[in-house]
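Asks:
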Amino acid sequence: MSLAVTLSRAQEGVAAPQVMVEVHLSGGLPGTHIVGLPEAAVREARDRVRVAIQNSAFEYPNRRVTVNLAPAELPKDGGRFDLAIALGILAAGGQVPRNKLDDCEFLGELALSGALRGVSGVLPALLRARARGRRVVVPRANAAEAALISDVDVRVADTLAEVCGWLRGAQELSSPASSKSLPEAYHGPDLIDVRGQLQARRALEITATGGHHLLLVGPPGTGKTMLAERLPGILPPLTESEALETCAVLSVTGQPVDLQHWRRRPFRAPHHTASAMALVGGGSDPRPGEISLAHNGVLFLDELPEHSRHVLDVLREPLESGRIVISRAARQATFPAQFQLIAAMNPCPCGYAGDPRERCQCTPDQRQRYRSRISGPLLDRIDLSVEVPRVPLSELGAPRSAHDEDSATVRARVIKARQHALMRAGRPNAEISTRELERDCALGPAERHWYDTALERLGLSARAYHRTLRVARTIADLDGGAAILDRTHLAEALQYRRV
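For this note's numbering, count along the sequence shown from 1 and bump the result up by 878.
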């Protein structure tokens, strides 16, 4: 029988669907034909694989070689199938045992010399292979990435000849040495550097505890960017599963994974000239954008009104759904996008509206046009808005007070308060459903009447009604986890909707 089957994985977002590489040798004119919706890089594999097999001291069959990549409706691209195709051809010709290919998946691009080159998207493929209980062979260039997953049998190789020797039982392939670090003490920007700004610091702590979105409004040079950069330092550490999700998105882009800091939450700060595609992702072969690269971390948009209105509006759906779906004529890719949005803006075009030290040069119409660059629906999805006023010069040079806490102190409070939410619903307060909101945000009759009256006077929407309750729930958790929200929790949550 001149038929062999090997297993590999395609790259479709972070899904990594399985691909069966079926190789058949038959009579007729010698040649290699690859079918199964291959793109250009996959069609070119026939030349890479032929020369790599010959340079690895094996015989390339002088027969008609048909390679089918199933399922046929799934587009295949890149050089990730080279190793699986080469092994299928050798197994079909009897040069390596077929039974050794069972329950094993192969990823890797072949050089003409037979050496294995690294490919992108290895981590998502390993996560899927782990769920199926299969072994995986990857190039040594991907060993560091493979070392992040400890409960899957991964083997690394340098050449096609090494893999064939392993399948024949003539040698062993090494496993990647586990070098992933444990959660570490945070050594990034620290809150101790921020002087004053008590209300903004309080809003930042609430944001970190509940996973909420935050808008900072103030004149230039008041510390808005400084505050935003310090949010990752007070967020709870990533769990191992969250860290693997975040690294899987990075793996799809082909960027290296930092093994020393792989448990850190990402912080992405695209420039205001970034396009909608740069933010969301896309391309003929869909790749993740800044939103997905901020998964489980922070997306910081400075100078918010300077971003294109169209660019800002693409944020609305992922802020609600926590994912990005990119559809193209030939394929569809889904990327995770569970991020915290931190935005900063000036109060007016010149930046000095309400500043006691600088005179604003803007007319009321200019201020209105400036703020109208941000759509109402987007602002409605931001849970907290806070003013960041100018800090007096005398306070900048004064000794630090008890309110100037460092990030470690604030982070300890954040972790303790978030535990209340995790014990109740298993997720941060910003992510709880409407039904869970009714259960976890109980109000007494007097508080309910007061809250309804306040919402009516402020003219807030139904979305704001639920989001404000979630913020109040977070404030109550910081206050010790009270079961019933009182008026102080509600009043503080409401004041963050008024900027």
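All C-beta atoms in this analysis are idealised placements derived from N, C-alpha and C, irrespective of residue type, glycine included.
Identify every residue that forms a DSSP beta bridge with His902.
Replies: Leu881, Thr944
Asks: Which term fits Val1189, buried or exposed, when burial requires 16 or more other beta carbons within 10 angstroms of its beta carbon?
Replies: buried
Asks: With DSSP as the reference, label His911 as helix, strand or coil.
Replies: DSSP places His911 in strand when its eight states are reduced to three.
Asks: Output needed for Ser1053: all residues of its chain with C-beta closer than 8 Å, excluding positions within five of it in sequence on either side, in chain order.
Replies: Asp1031, Val1032, Arg1033, Val1034
Asks: Spatial neighbours of Tyr1343 within its chain, please: C-beta separation below 7 Å, excluding the five flanking residues on both sides.
Replies: Leu1333
Asks: Taking Cβ positions, are Ala969 and Leu985 nearer each other than 7 Å?
Replies: no
Asks: Under 7 Å between the Cβ atoms of Ala964 and Leu1038?
Replies: yes
Asks: Below 7 Å CB to CB, which residues in the same chain sit around Gln1077 once its five sequence neighbours on both sides are set aside?
Replies: Val1264
Asks: Would you identify the three-state DSSP class for Val974, choosing helix, strand or coil?
Replies: coil
Asks: The beta strand (DSSP E) that contains Leu1262, what's its start and end?
Replies: 1262-1265
Asks: Within this structure, are the beta carbons of Asp960 and Glu987 separated by less than 7 Å?
Replies: yes
Asks: Between which residues of its own chain and Arg1345 is the CB-CB distance below 7 Å, once the five residues before and five after are set aside?
Replies: Within the same chain, and ignoring the five residues on either side of Arg1345 in sequence, the residues whose Cβ sits closer than 7 Å to its Cβ are Asp1261.
Asks: Assuming Ser1162 and Arg1206 are in contact, meaning their beta carbons sit under 8 Å apart, how far apart are those beta carbons, in whole angstroms?
Replies: 7 Å
Asks: With DSSP as the reference, identify every bridge partner of Glu922, one or two as the case may be.
Replies: Glu922 is not bridged to any residue.
Asks: Could you tell me whether the Cβ atoms of Pro949 and Arg1209 are closer together than 7 Å?
Replies: no
Asks: By Cβ distance, which residues of its chain are closer than 7 Å to Ala1360, with the 5 residues on each side in sequence left out?
Replies: Ala1354
Asks: What is the DSSP secondary structure of Cys982, counted as helix, strand or coil?
Replies: Cys982: strand per DSSP, three-state reduction.
Asks: Give me the residue from Val1203, Glu1181, Val1192 with the minimum Cα distance to Ala1154.
Replies: Val1192
Asks: Leaving out five residues on either side along the sequence, give the residues of the same chain with a beta carbon under 8 Å from the beta carbon of Ile1070.
Replies: Arg1278, Asp1282, Glu1283, Asp1284, Ser1285
Asks: Below 8 Å, how does it come out for the stretch 1216-1224 and the stretch 1177-1186: are there three or more Cβ pairs, yes or no?
Replies: Touching, yes, given that three or more Cβ pairs across the two stretches are closer than 8 Å.
Asks: In chain order, what are the residue ranges of uninterrupted beta strand (DSSP E) at least 3 long that sit wholly in the stretch 994-1075?
Replies: 1013-1017, 1032-1035
Asks: Once you ignore the five residues that flank Ala1021 on each side, which residues in its own chain have a CB closer than 7 Å to its CB?
Replies: Val1034, Pro1054
Asks: Under 6 Å Cβ to Cβ from Arg1108, same chain only, skipping five residues before and after it: list those, please.
Replies: Pro1067, Leu1069
Asks: Identify every residue that forms a DSSP beta bridge with Ile931.
Replies: Ile931 pairs with nothing; no bridge assigned.
Asks: Given this structure, state the Cα-to-Cα distance separating Ala1086 from Arg1006, to the nearest angstrom.
Replies: A direct Cα-to-Cα measurement between Ala1086 and Arg1006 gives close to 31 Å.
Asks: Between which two residues does the beta strand (DSSP E) holding Pro1214 run?
Replies: 1210-1214
Asks: Excluding sequence positions up to five away, which residues of its chain have a Cβ less than 7 Å from the Cβ of Ala1121?
Replies: Trp1140, Arg1141
Asks: Exposed or buried, what is Thr1241 when buried is set at 16 or more other beta-carbons lying within 10 Å of its beta-carbon?
Replies: exposed
Asks: Put Ile1252 into one of helix, strand or coil per three-state DSSP.
Replies: coil
Asks: Name the DSSP bridge partner or partners of Leu1219?
Replies: Leu1177
Asks: Applying the 10 Å Cβ sphere with the 16-neighbour rule, what's the burial state of Asp1318?
Replies: Burial check for Asp1318: the Cβ neighbour count within 10 Å reaches 16 or more, so the residue is buried.
Asks: Assess contact between the stretch 883-898 and the stretch 976-984, defined as three or more Cβ pairs (one per stretch) separated by less than 8 Å. Is contact present?
Replies: Yes, since at least three Cβ pairs between the stretch 883-898 and the stretch 976-984 fall closer than 8 Å, the two stretches touch.
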